[in-house]
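Residue numbers (the working numbering), protein chains in the order written: chain A, 60 to 170; chain V, 0 to 229. Every residue gets a Cβ at the ideal spot worked out from N, C-alpha and C, and that includes glycine. Heads up: the structure comes next, in structure tokens.
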Amino acid sequence: MTPTDTQALWLVIGLAGLGTFLIRVSFFELFGQVGEPSARLSRALEMVPAAVLAALVLPRLVYLDGTFALPPGNAEFVAGTVAAVAAWYTESIPITLAVGMGTLWTLLYLA
Amino acid sequence: MTPSGHETPFRDGLAVSPPLILASVPIGFLYGVAAAGIGVDPLQAVAMSVAMFTGAAQLVVVELVASDALPAIVVLAALVVNLRYLMYSASLAVYFRDVARRWRWLSAYLLLDVNYAITLDRFADVADPDVRRFYLGVSVPLWLTQQAAVVVGIVVGASVPGAWRLDFAVPLVFIGILVPAMKSRANVAAGLTAGTLAVALVVLPLNLGIVVSALVGTVVGALVQESEAT
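See below:
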């Protein structure tokens, strides 16, 4: 689907919205009928954000227009790496954003 | 004075919301900018934010729609990212047990990481009737400011030239969330596995590579976690 595929987008909005609500309301409604999720499941679910975000970020950084590209041709890879370092030390999303965008703009300007 | 010492629980909720709002408004703003940036109809962008009301998942949706993913994959990814709300639902359910359904559902709809955490933090006594009002006091401003931020973001995103590459802000936010989490071995295992696998599986159609990598990464991370616990 493309961003302007309005029909497909309504479908996504409806299903993602409904699904998310069902997840949120699940135990509110099932209270007492279904036991609490096991501690093991809770711990396993904690791993999901790291896995999903990494699965989205890494390909985005190493592929340029569909082809595998490392620096010096790939400015986003460099900007992403610098931002990652900033994120490691500052643990601040705003700083990570500023550093990453700043690096990208600098590299694109110099190119 | 009630068990937890709140005289005006709803207003107490309002009073603690500002720092939480400050933390979540940027994501809503960025979502608006990114959605407008890739050409999503403003009405649909707002509708999505109202329907989902989850910052990270909305960014994931935008990122996937921008890369031409199938609707089924987009929905699946959003729900996978939101699975952690199962835990929040389980923990908070007991507080809302005796509440009328419409308030139960409204409260469930408004559930986020931040109001979950602060409610659990403030209320040890699950029978305390103040919980519901406090929770709403925290959550209603969060919802209002979030939607406002999205609208502002859409307006800004539509007027900023594409050359500014604001689309890169979404992966940067992901990095900002992901990297600090890499300070735990299990998360490193999950992230490295998912990331490298996703790079390798880019050839798979329908963005299946992302879903498969995320699942495998989660399992690997969970296994590392279990091995550390024993």
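- With 16 or more other CB atoms across the displayed protein chains lying within 10 angstroms of its CB, ASP11 (chain V) is buried.
- For THR65 (chain A) and ALA65 (chain V), the gap between their C-alpha atoms comes out near 13 angstroms.
- In the DSSP annotation of this structure, LEU165 (chain V) is not part of any alpha helix (DSSP H), being labelled neither H nor E.
- Contact between GLY156 (chain V) and GLY54 (chain V) does not hold, since their C-beta atoms are separated by about 16 angstroms, which reaches or exceeds 8 angstroms.
- Excluding its 5 nearest sequence neighbours in each direction, TYR108 (chain V) has C-beta neighbours in its own chain below 8 angstroms: PHE52, listed in chain order.
- Within chain V, PHE167, PRO170, LEU171, ILE174 have C-beta atoms less than 9 angstroms from the C-beta of GLY139 (chain A), given in sequence order.
- Of the candidates V:THR217, V:ASN206, V:PRO204, V:THR217 places its Cα closest to the Cα of ALA193 (chain V).
- GLU62 (chain V) is a Cβ neighbour of LEU115 (chain A), given a cutoff of 8 angstroms.
- For ASN186 (chain V), the enclosing alpha helix (DSSP H) has its first and last residue at 184 to 199.
- Between the region 107 to 122 of chain V and the region 157 to 164 of chain A, the count of Cβ pairs shorter than 8 angstroms is below three; the stretches do not touch.
- Judged by beta-carbon spacing, ALA89 (chain V) lies within the 8 angstroms limit of PRO96 (chain A), meaning their Cβ atoms are closer than that value.
- If you compare the alpha carbons of A:SER151, A:ARG102, A:PRO62, A:TYR122 with that of LEU85 (chain V), the shortest gap goes to A:ARG102.
- Here THR217 (chain V) carries a helix assignment [DSSP, helix/strand/coil].
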